[in-house]
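One point on numbering: in my numbering, the residue at position 135 of the sequence shown is 147, and numbering is uninterrupted.
Here a beta-carbon is modelled for each residue, glycine too, at the ideal position from N, C-alpha and C.
This structure is a prediction, so every number in the text was calculated from the model and none was measured.
Worksheet: one structure, shown below.
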Amino acid sequence: MEGGGMIEAYILTHGELGEALLASAEMIVGKMEDVHVLGFYPGDSISLYRQKVEQHIQSHSGEALFIFTDIFGGSCANTVMRFLDRDSVYAFAGVNLPMLIAFYSAKFTLKPEAIRDMIGKEGVRSVIDMKREWQERKEE
13 MEGGGMIEAY ILTHGELGEA LLASAEMIVG KMEDVHVLGF YPGDSISLYR
63 QKVEQHIQSH SGEALFIFTD IFGGSCANTV MRFLDRDSVY AFAGVNLPML
113 IAFYSAKFTL KPEAIRDMIG KEGVRSVIDM KREWQERKEE
């Protein structure tokens, strides 16, 4: 199934986590076009941050907008909550590197709903108890 119009993403995190995640993902998949970071830093005004996020979301006119935040219930995630009633906005808390890579790999070929489902599964699947995994493999 082919993807349609432009699909963008924003990474909203506390501090420099978003920039670091994007830079790390780009080491693996190359330059990630249409993926942007809006960090919330110590000393930032929450109201100004909300305005900045709102401006970026309001200016989006593509097929879908995926938003990745660091902590559910944190300032970044709470800022996004007011936009979740829009059909074209998809948001995930607990962003990790495999989720970003999966998103970017899928955005060129899948519809937004399929991308949403895949990201949710990838986010959970990528958290692995390495000791347990190692022990299970050792027993095989």
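Within the DSSP bridge table, the entry for Ile19 names Ala76 as partners. Relative to Glu45, the option among Gly86, Lys123, Ile19 whose CA is nearest is Ile19. When the Cα atoms are used, Thr25 and Pro110 turn out to be separated by approximately 16 angstroms.
The three-state reading of DSSP puts Leu29 in helix, counting H, G and I together.
Burial of Phe104 is indicated by the presence of at least 16 other C-beta atoms within 10 angstroms of its C-beta. Taking a contact as a CB-CB distance under 8 angstroms, the pair Tyr116 and Val49 does not count as one, their CB atoms being some 14 angstroms apart. By the 16-neighbour rule on beta-carbons within 10 angstroms, Phe78 is buried. Bounds of the alpha helix (DSSP H) holding Tyr116 are 109–118.
With a 10 Å radius around the Cβ and a threshold of 16 neighbouring Cβ atoms, Ile113 comes out buried.
Across the set Val136, Tyr22, Arg149, the C-alpha of Tyr22 shows the shortest separation from the C-alpha of Gln70. Using a 10 angstroms sphere on the CB of Ala35, the tally of other CB atoms stays under 16, which defines it as exposed.
One Cα belongs to Lys43, the other to Ala32, and the distance between them is close to 14 angstroms.
The shortest C-alpha to C-alpha distance from Ser87 to any of Gly132, Pro124, Gln147, Val65 is the one to Val65.
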